[in-house]
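*Asks:* Quick one: this structure, given as structure tokens, is what I'll be asking you about.
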Amino acid sequence: MSDKNRKTSGDRIFRLSRRKALKGLAAGVGAMALPGKDASAAFWESFFQKNFREMSKSEMRDVVTRLEKEYSTRYGKPVKVRTSPPMEGVLYGYGLDLSRCIGCRRCVYGCVNENNQSRDPQI
Numbered sequence: 056m057s058d059k060n061r062k063t064s065g066d067r068i069f070r071l072s073r074r075k076a077l078k079g080l081a082a083g084v085g086a087m088a089l090p091g092k093d094a095s096a097a098f099w100e101s102f103f104q105k106n107f108r109e110m111s112k113s114e115m116r117d118v119v120t121r122l123e124k125e126y127s128t129r130y131g132k133p134v135k136v137r138t139s140p141p142m143e144g145v146l147y148g149y150g151l152d153l154s155r156c157i158g159c160r161r162c163v164y165g166c167v168n169e170n171n172q173s174r175d176p177q178i
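Just so we're on the same page, our numbering is the position in the sequence shown counted from 1, plus 55.
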């Protein structure tokens, strides 16, 4: 056998299938989406927090305590978070006259402001 036809370990041909490429791309994007090692335990607690209605009393207490600490640190003032249940006999509604809609999204800005939502209404 001539030296020309002999393959060494450095001559391996790497074949990348479409499936392997997509798996690698998905894993890379997923890894980049996760916060780094500097993420606090509070971040992970809020990320994996259950729906508030499904929590036990002790879980609610833990979440309220975490939120009070977080908001007090953020705003530099003591903050008290309550878990008030809905008021008896009170119903809320919203009427929207679509025939007057001009696409300005003022209703969205008003809703975000009224409900203290922190999301960007341009989404």
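Each residue gets a CB set at the ideal place from its N, CA and C atoms; glycine is no exception. These figures come from a predicted structure and were not determined experimentally.
Considering only C-alpha positions, which residue in the set Y149, I157, R137 is nearest to E169?
*Replies:* Start at 1 with the first residue of the sequence shown, and residue 169 comes out as number 114. Here the closest residue by C-alpha is Y149.
*Asks:* Under the three-state reduction of DSSP, which class applies to S113: helix, strand or coil?
*Replies:* As a first step, residue 113 must be located in the sequence shown, where it is residue number 58. Correct three-state label for S113: helix.
*Asks:* Helix, strand or coil for N168 per DSSP?
*Replies:* Position 113 of the sequence shown, counted from the start, is the residue given in the question as residue 168. N168 falls in the helix class under three-state DSSP.
*Asks:* Where does G144 sit, in a helix, a strand or coil, going by DSSP?
*Replies:* For the purposes of this step, residue 144 is taken as residue 89 along the sequence shown, with counting starting at 1. DSSP places G144 in coil when its eight states are reduced to three.
*Asks:* For the alpha helix (DSSP H) containing R108, list its first residue and its last residue.
*Replies:* One-based indexing of the sequence shown puts residue 108 at position 53. Looking at the DSSP string, R108 is not in any alpha helix (DSSP H), and its letter there is neither H nor E.
*Asks:* Given a cut-off of 8 Å, decide if C159 and L151 are closer than it, judged by their beta-carbon atoms.
*Replies:* Reading the sequence shown from its first residue, position 96 is the one you call residue 151. Reading the sequence shown from its first residue, position 104 is the one you call residue 159. Not closer than 8 Å, so no.
*Asks:* So, at 8 Å on beta carbons, what are the nonlocal neighbours of M115 in its own chain, with the 5 sequence-adjacent residues on each side left out?
*Replies:* Working through the sequence shown from its first residue, we reach residue 115 at position 60. Same-chain partners within the cutoff: F107, T138.
*Asks:* Three-state secondary structure (DSSP) at Y130?
*Replies:* For the purposes of this step, residue 130 is taken as residue 75 along the sequence shown, with counting starting at 1. Note: Y130 maps to helix in three-state DSSP.
*Asks:* For K135, I'd like the list of residues in its chain whose CB is within less than 8 Å of its CB, leaving aside the five on either flank, ordered along the chain.
*Replies:* As a working note, residue 135 is residue 80 in the sequence shown. Closer than 8 Å at Cβ, skipping near neighbours: E123.
*Asks:* For R73, name the three-state secondary structure that DSSP assigns.
*Replies:* The residue labelled residue 73 in the question sits at position 18 within the sequence shown. Residue state, collapsed to three classes: helix.
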